[in-house]
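Written below as structure tokens is the structure these notes are about.
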Amino acid sequence: MQDMSYPPQMLFVENVVGFEVSDTHDQLLEVLSSLNFNTQEFILSPLQFGVPYSRPRYFCLAKREPVRFRHAFVNNKLLQTPMCLSLTLSSTSQGSDHQTEEELEPVCKPIKDFLVKEADGGTPDETVLQDYMVPVNLIERWGNAMDIVYPEFKRCCCFTKSYYRYVKGTGSLLATSKNLNVPEEKLQISSLKELGLRFFTPREVANFHSFPSNFCFPDHISLRQQ
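Each residue of the sequence shown is one higher than the one before, counting from 17 in the working numbering.
If you want it as structure tokens, here you go:
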């Protein structure tokens, strides 16, 4: 950017958590400062906005003088709350309070609010949902490593590009059996087979990412590509 004749007036950066303690991050801020940028940095998760989806990410907003932020009192700070975006935040607030995922759960909607319903134009019946059921052999092999959630839960794990291919560390699985009681302790493999475990559908994953209801994939896009 130092070599650009016309550097941008504004910049937006997104990265994984951990970037904020890297040498690359330090170099980024050094360059931005040398070009008269003011920055505001955040580590935010959908959980903070009422979405039951644990996906914390680093964000950096930068504006080059004379363009300025409306809330300049949080310039050049790394914040872990979105409250500084609210007009009701006092300029004396440091915005440094960090809430745990457990503390954020009460403000989140339940997972069931993000599931596909027939009215959504999505999956209308159990026959189609069979395509998303977790095979018994995967439960037997990886059951102890699965992150299992229930419709009433207010948190699920981040989905990766290997979701649908693997069940370990790629995203949460949904228990769908009727009359489910959430167990207080981790279930044995034999009991896991009775939960009706399935993957979340592509439309449901899109819902967690706040895609609009009219979003849909072209017919030629495969499940793996989705």
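Backbone N, C-alpha and C fix where the C-beta goes; we use that ideal spot for every residue, glycine too.
Predicted model only: the values in this text are computed from it and were never measured.
Segments of 4+ residues assigned as alpha helix (DSSP H) that fall wholly inside the segment 30-79: 39-50
Between Q96 and R80, what straight-line distance do the alpha-carbon atoms span, to the nearest angstrom? The residue labelled residue 96 in the question sits at position 80 within the sequence shown. The residue labelled residue 80 in the question sits at position 64 within the sequence shown. If you take the alpha carbons of Q96 and R80, they lie about 23 Å apart.
Compare the C-alpha of K128 against each of K209, L189, D42, V32 and name the closest. Indexing the sequence shown from 1 puts residue 128 at position 112. Taking only the C-alpha atoms, the option nearest K128 is L189.
N223 to F35 span [Cα, whole Å]: For the purposes of this step, residue 223 is taken as residue 207 along the sequence shown, with counting starting at 1. For the purposes of this step, residue 35 is taken as residue 19 along the sequence shown, with counting starting at 1. Between N223 and F35, the C-alpha separation is close to 27 Å.
For A191, count the other beta carbons within 10 Å of its own beta carbon; 16 or more makes it buried, fewer makes it exposed. Which is it? The residue labelled residue 191 in the question sits at position 175 within the sequence shown. Label assigned to A191: buried.
Whole runs of the alpha helix (DSSP H) within the segment 166-226, excluding any shorter than 4 residues: 205-208, 218-224
Could you say which of L51, Y69, R171 lies nearest to M26 if we only look at CA atoms? If you number the sequence shown from 1, residue 26 lands on position 10. Out of L51, Y69, R171, L51 has the C-alpha closest to the C-alpha of M26.
Rounded distance between the beta-carbons of K93 and Q56, thought under 8 Å: Indexing the sequence shown from 1 puts residue 56 at position 40. Indexing the sequence shown from 1 puts residue 93 at position 77. That pair is a contact at about 7 Å.
Rounded straight-line distance, which links the Cα of L60 to that of R157: For the purposes of this step, residue 157 is taken as the residue at position 141 of the sequence shown. For the purposes of this step, residue 60 is taken as the residue at position 44 of the sequence shown. R157 and L60: Cα-Cα distance of roughly 34 Å.
DSSP three-state assignment for I155, whether helix, strand or coil: As a working mapping, residue 155 is identified with position 139 in the sequence shown. Residue state, collapsed to three classes: helix.
Could you tell me if M20 is buried or exposed, where buried requires 16 or more neighbouring beta carbons within 10 angstroms of its beta carbon? Taking the first residue of the sequence shown as position 1, residue 20 is located at position 4. Answer is exposed; the Cβ neighbour count stays below 16.
Out of F53, F75, L45, P68, which one is the CA nearest neighbour of V32? One-based indexing of the sequence shown puts residue 32 at position 16. Answer by Cα proximity: F75.
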